[in-house]
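The opening residue of the sequence shown carries number 154 in my numbering; numbering runs sequentially from there. For each residue, glycine too, the CB sits at the ideal point set by N, CA and C.
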Amino acid sequence: MADDLVAMQKTLILTLAAAGILTATYGGIVGLFYKALGDPSASLPLYVAPDIPDARQHRIPSPFGHRTKAMEVVKGVDLRGKVVVITGGHSGTGREAVRALARAGARVIVLARDVDRARRGLSGIANTSVEYVDLLQPASIDAFADRYVQSGRPLHILINSAAIMGTPLERDDRGYERQFATNVLGHYQLTVRLLPALERAKGARVINVASRGHHAGGVLLDDINFHHTPYTGMRAYAQSKTALILLSIKEDELWRDKQIRVFATTPGPVPTSDLFAAGGVGQKPSRQVALGRLAAATLRALHVTEALNLRRRPKNGGDLYKTVQQGGATATWAAVSRDLDGKGGVYLEDCDIAPVVPDEGRAPYGVKSWALDLSVANRLWSLCETMTGVRVATNGA
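Printed below as a string of structure tokens:
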């Protein structure tokens with residue numbers, strides 16, 4: 154009996170010691186990641202500035218919110234017979250949208266530059282397939298779009314979710330700044346080329362996944378490619394995401410009579426997405442990207458998002474970090490919500506229409522006025538036509 158008691162005590166001590174080591178290790182990982190993010194949100198005061206009244210950009214309100222997960226959005230939604238095409242759908246928040254839409258019965262076609270990697274990322278998700286498209290290669294965009302349009306199938310939902318972020322200054326084969334070429338021009342060309350299939354759906358939706366990063370600046374219409382403006386990766390990223398919001402407004406204006414409605418969305422702050430954690434997926438060197446993706450997967454497995462929020466205790470709800478499941482919710486909601494019937498050309502956040510916030514100051518939510526300026530949207534549209542050589546009739550015909 155005494156020996157058994159001693160053995161039990163040893164086991165308990167070892168168990169507690171192991172638990173202590175694991176707890177300390179976990180706390181260290183969270184602390185290192187918190188320090189690496191350099192996020193000031195926890196020290197910011199409560200944001201109290203009033204929203205700016207706007208006829209279109211105002212809350213519905215929606216039954217969902219900041220913490221909603223993509224799977225919650227599709228409960229009771231039947232998408233059988235619907236086709237979804239999505240870029241960036243094999244990882245992160247895009248994959249969560251794919252998972253939800255496929256669960257609701259949609260047939261989801263994921264476009265990817267690395268087809269094998271995309272198939273691995275979608276393993277176990279039914280109703281999905283992968284096709285090759287490189288957003289930096291216009292010929293690959295045309296090849297897919299031509300095949301799809303010629304098939305005669307309708308396209309019910311197009312989600313332009315792929316992105317690169319914060320990369321060093323690089324240019325594509327045409328000489329265009331790489332973030333703008335990928336995030337904006339590639340998606341512009343894809344959307345325009347798929348227009349006949351979208352029309353066939355008689356009620357299609359296009360979702361351009363933007364970002365709260367647009368708060369960092371507007372579009373440099375006279376120096377899109379940073380030939381004269383000092384370049385930073387995040388300034389170029391902000392430009393590309395503002396541009397996607399502006400294109401959404403213009404596209405909705407052009408195509409609403411064709412029963413195509415267009416929305417811009419933001420996933421919100423998702424620190425464990427591949428894009429965020431890798432510091433720019435697609436960025437060279439590739440080893441750094443691979444390590445970033447591995448780090449993101451590890452952090453997701455450790456539920457670091459929740460631990461970070463506990464440590465940060467941000468005063469503003471909009472500063473709460475989201476999991477990838479939560480980050481995929483707004484694009485999913487934009488694709489399926491009946492609350493958006495008859496609406497379009499608006500920026501969505503936290504599964505609702507986002508309010509307009511003052512240009513000055515740091516709002517933890519909302520859309521800036523420079524992303525809603527139709528005159529800028531018109532100039533940007535013309536610029537995209539010129540840069541890509543892809544044009545579409547603008548008379549509603």
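If you draw a 10 Å sphere on the C-beta of residue 249, you find 16 or more other C-beta atoms in it, and that means buried. Spanning the alpha carbons of residue 384 and residue 230 requires a straight line of approximately 44 Å. As the crow flies, the alpha-carbon of residue 300 is around 10 Å from that of residue 306. Under the three-state reduction of DSSP output, residue 297 falls in the helix class.
Residue pairing from DSSP places residue 324 in a beta bridge opposite 330.
Inter-segment contact for the region 527 to 541 and the region 368 to 379 is present: three or more beta-carbon pairs are separated by less than 8 Å.
When beta bridges are read from the DSSP output, residue 418 appears opposite 362 and 501. If you draw a straight line from the Cα of residue 277 to the Cα of residue 336, it is about 28 Å long. Three or more beta-carbon pairs drawn from the region 465 to 480 and the region 418 to 425 are found closer than 8 Å, and the two stretches are therefore classed as touching. When DSSP states are grouped into helix, strand and coil, residue 284 belongs to the strand group. In this chain, the alpha helix (DSSP H) harbouring residue 268 covers 268 to 274. Collapsing the DSSP output to three states places residue 302 in a helix. Cβ neighbours of residue 297 within its own chain (closer than 6 Å, five residues either side excluded): 284 and 286.
Per DSSP, reduced to three states, the secondary structure at residue 354 is coil, with no helix or strand assignment. For residue 477, the secondary structure class from DSSP, reduced to helix, strand or coil, is helix.
Considering only 395, 400, 377 and 318, the residue with the shortest C-alpha distance to residue 343 is 400. Secondary structure at residue 465: helix, using DSSP grouped into helix, strand and coil. DSSP places residue 236 within a strand segment (E or B) once states are collapsed to three. Cβ neighbours of residue 274 within its own chain (closer than 8 Å, five residues either side excluded): 243, 244 and 248. According to the DSSP secondary-structure assignment, residue 509 is paired through a beta bridge with 205 and 520. Collapsing the DSSP output to three states places residue 402 in a helix.
Around the beta carbon of residue 319, 16 or more other beta carbons lie within 10 angstroms, which makes this residue buried. In the three-state reduction of the DSSP assignment, residue 388 falls in the helix class, which pools H, G and I. Nearest to residue 258 by C-alpha distance, out of 228, 269, 266 and 270, is 228. Looking at the backbone, the Cα of residue 393 and that of residue 341 are separated by about 12 Å. Between the beta-carbon of residue 417 and that of residue 500 there is about 5 Å, and that keeps the pair under the 8 Å contact cut. Judged by DSSP in its simplified three-state form, residue 525 adopts coil rather than helix or strand.
Contact between residue 312 and residue 239 holds, since their C-beta atoms are separated by about 4 Å, short of 8 Å.
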